[in-house]
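Here the structure comes first, spelled out in structure tokens, and everything after it is commentary.
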Amino acid sequence: MQQVPDVSFLSDEEKLWFAKAIAGMVVADGRVDNTEVGFVKAAIGFLTRREDVATIMSIIKQNQIPPLGCSKIESKASFTMLKFLAEIMVVDHKLTESEVLFFNQVGKLLGFTTTILERLWKTARQQLEKNLPRGVVDIIEGEGRYKITLLNMTGKHFSFRLHKAVTPNCRIILHVRKSDGSLWDPVQCRMARQHVEKIEAETYLISATYEQPIAEIHGIPQILEPEKYAPKEDTTLHPRLNSLHGRYVKCFVCGTEKIPFYRLRTRSMVTKPNIFGVITYLKSAGNLDFCNFNLLDVKVCPGCGFASKDYGHFRVNFDDQPPFDIERFKSGWDQKIQPLLQELQPEKESCLSENRPIGMAILANNMGVATLTKLVESATDPEKKYVLLRETTSIHTVQAEFYMEENQQDKAESELRAAQKIANAIFEHLDGVPSLHVALLLFRIAIYFKELKDAGQIMRFTDNYNKDGRLAQGSDEYKAYVVTKNTVKNTYDDRELIDREKMTSFFLE
């Protein structure tokens, strides 16, 4: 639970108003979960009048949303309160329409617009669904293929959200996504019901039932019974920094075990993107230890030098299969990685620790680029090659940030040129969201190097991308398009401020 907002300056009536809003948020879904009890105690804790405490306990006992009048609490405090209520919405790992409706009601009483409220609850939902299983559905009857989040899955049915209605009783083929991005075997399903969400116009919650027995090859038992499929040995990491968690993994290439795969806890850091969109970590968002996770993002096998950010590139469970051809990868790998591996050996412990210094992070990134380059050479699927190449550009841009932090602008710009070269080579082969992401990177780099002709071509690309209005509002591609177009415009407006001859960092002052 995040820290309770400071209410010491509020009047008793205003404190009661906030406490009632907390209690209402707790009971809004019709039940009080154990995870929500701490919030009730927090609400009671800042009340000074005994009758007010009794009022809150009565709301909880009767399980009824309380009436609330308009609030006169000042805006800064109101916004902090609203974020606190957003946390209560999802603390039980569920988000119901009734909770969102109450949240919107409270927000409007505090004086916030529908746009701000929608942004807040959608951010809360996004964080809630971040770790839910994902998949792909093919809607038969010529309605297309869609990436989905599996919102509710049982042994008989599952549900998902879609920005359009589907034909009643239509056939649906579900492919559950593996951790490495590939898909389990398809499951034949049938649409059971659908309804429009009250909280989001033109969005449908669709439920479907399985029309065949489900098995391990479909990936569904692994979701329903994760304990059964968890590795028997203890592979849990116990980092000193409480903002980190993770697992020990095993290298597919050489079999080296106990490689630490660190992960950063969700919403634990305050971040800021640089002018190329690279996320940098500024400070802890709460009481957790600060961690510059960019330093730890690429994981390295000390045995053979294989390095990657991707969880699926390492063995986690005994029956995991490599997502790439091991023999093709091994061919020539030893010679390719040897210089970097020799550089790693004296500092191996430092590179594998949670306190990896920036010098070791730069080395890890170089090994990551070498690994991805070899994976591209080994891959036979063009689409997989493009995914790997996009990941390579990502590492180059992070590497550029590292060098700039070390006051090595020439090396930083060499990394940007490397990213630009790869992005240019793959851009014409991409479509949809990936093409927008790569276009934005190319535009940012062109503006930095004052290559305005190249920047102009990207601007024309974004201007014409949805000229015919083909994108469905609310779809992932539409959202990516809006973000890309707006960012291109803002970057172009700031172009005079981006002066590489005077910049000492990749941030605008």
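Take 228 as the starting number for the sequence shown in my numbering and just add one per residue. Every residue, glycine too, gets a C-beta built ideally from N, C-alpha and C.
Enclosing beta strand (DSSP E) for residue i [first to last residue]
i: H384; result: H384 to L389
i: A435; result: Y431 to Y437
i: T507; result: I506 to S511
i: Y475; result: L471 to C478
i: A419; result: V414 to V423
i: I366; result: R361 to I366
i: K374; result: G371 to T376
i: R346; result: No beta strand (DSSP E) holds R346; the alpha helix (DSSP H) holding it covers T341 to E356.
i: F488; result: I486 to L491
i: L401; result: R398 to V403
Segment limits, alpha helix (DSSP H) that includes residue i
i: I286; result: R277 to Q289
i: E684; result: Just to set this straight, residue 684 is Gln in the shown sequence, not Glu. Start and end: L679 to Y692.
i: M178; result: There is simply no residue 178 to check, as the chain begins at 228 and stops at 736 in what is shown.
i: F670; result: G659 to Y675
i: I502; result: I502 -> no alpha helix (DSSP H), and no H or E assigned at all.
i: K563; result: W560 to L571
i: D703; result: D703 to D720
i: L523; result: It is not in any alpha helix (DSSP H) - L523 carries neither H nor E in the DSSP assignment.
i: L599; result: I585 to S605
i: Y456; result: P453 to Y456
i: I553; result: I553 to K557
i: S577; result: K575 to L579
Nearest-angstrom Cα separation, counted from residue j out to residue i
i: E429; j: H422; result: 10 Å
i: R398; j: V363; result: 14 Å
i: V253; j: V543; result: 37 Å
i: K357; j: H320; result: 11 Å
i: I653; j: C297; result: 55 Å
i: P500; j: V264; result: 36 Å
i: T307; j: L451; result: 37 Å
i: E632; j: D721; result: 22 Å
i: Y373; j: E704; result: 11 Å
i: W348; j: R494; result: 15 Å
i: F266; j: I287; result: 11 Å
i: P293; j: F733; result: 50 Å
i: E581; j: C416; result: 45 Å
i: Q449; j: H402; result: 14 Å
i: N469; j: K510; result: 14 Å
i: G473; j: P487; result: 7 Å
i: G371; j: G701; result: 16 Å
i: L669; j: R727; result: 16 Å
i: V476; j: L724; result: 44 Å
i: V710; j: A281; result: 48 Å
i: R687; j: T714; result: 14 Å
i: Q548; j: P453; result: 18 Å
i: I249; j: A270; result: 7 Å
i: N592; j: L377; result: 33 Å
i: V625; j: F676; result: 17 Å
i: L602; j: K310; result: 43 Å
i: K536; j: D524; result: 6 Å
i: L590; j: L567; result: 7 Å
i: T731; j: Y719; result: 20 Å
i: N396; j: G696; result: 29 Å
i: I367; j: Y692; result: 28 Å
heavy atom of the ligand COA below 7 Å from residue i C-beta
i: L698; result: In the structure shown, the ligand COA is absent, as is every other ligand, since no ligand is present at all.
Beta-carbon separation (whole angstroms), residue i vs residue j, contact threshold 8 Å
i: F330; j: L344; result: 7 Å
i: Y489; j: L464; result: 7 Å
i: M316; j: A351; result: 5 Å
i: C478; j: C531; result: 6 Å
i: A646; j: I672; result: 7 Å
i: D256; j: E326; result: 5 Å
i: E642; j: H664; result: Contact doesn't hold; Cβ gap of about 18 Å is too wide.
Residue of the options minimising C-alpha distance to residue i
i: P413; options: R420, Y437 and E427; result: Y437
i: S235; options: R258, V267 and T275; result: T275
i: V333; options: W244, T323 and H384; result: W244
i: N290; options: W411, I585 and R258; result: R258
i: K391; options: N634, S558, L432 and D407; result: L432
i: L667; options: A645, P529, Y708 and E604; result: Y708
i: G446; options: W411, T462 and L471; result: W411
i: P360; options: T394, V318, R404 and R583; result: R404
i: A442; options: K383, K648 and T483; result: K383
i: S605; options: G696, E324, D552 and Y692; result: D552
i: I444; options: L523, S409, S386 and L355; result: S409
i: L279; options: E301, K303, D239 and A313; result: The sequence given here has Asp at residue 279, not Leu. For D279, the nearest C-alpha among the options comes from D239.
i: L312; options: Q562, K557, V231 and A435; result: V231
Kindly provide the ranges of any alpha helix (DSSP H) runs that are 4 or more residues long and lie completely inside the region 611-652, ordered along the chain.
Taking only runs of at least 4 residues, no alpha helix (DSSP H) segment lies wholly in the region 611-652.
Sequence ranges, alpha helix (DSSP H) only - wholly within the region 238-280, length at least 4:
Listed in chain order, the complete alpha helix (DSSP H) runs (minimum 4 residues) inside the region 238-280 are 239-254 and 264-272.
Which runs of the alpha helix (DSSP H), 4 residues or longer, sit entirely within the region 293-323?
As far as the region 293-323 is concerned, its whole alpha helix (DSSP H) runs of at least 4 residues are 302-317.
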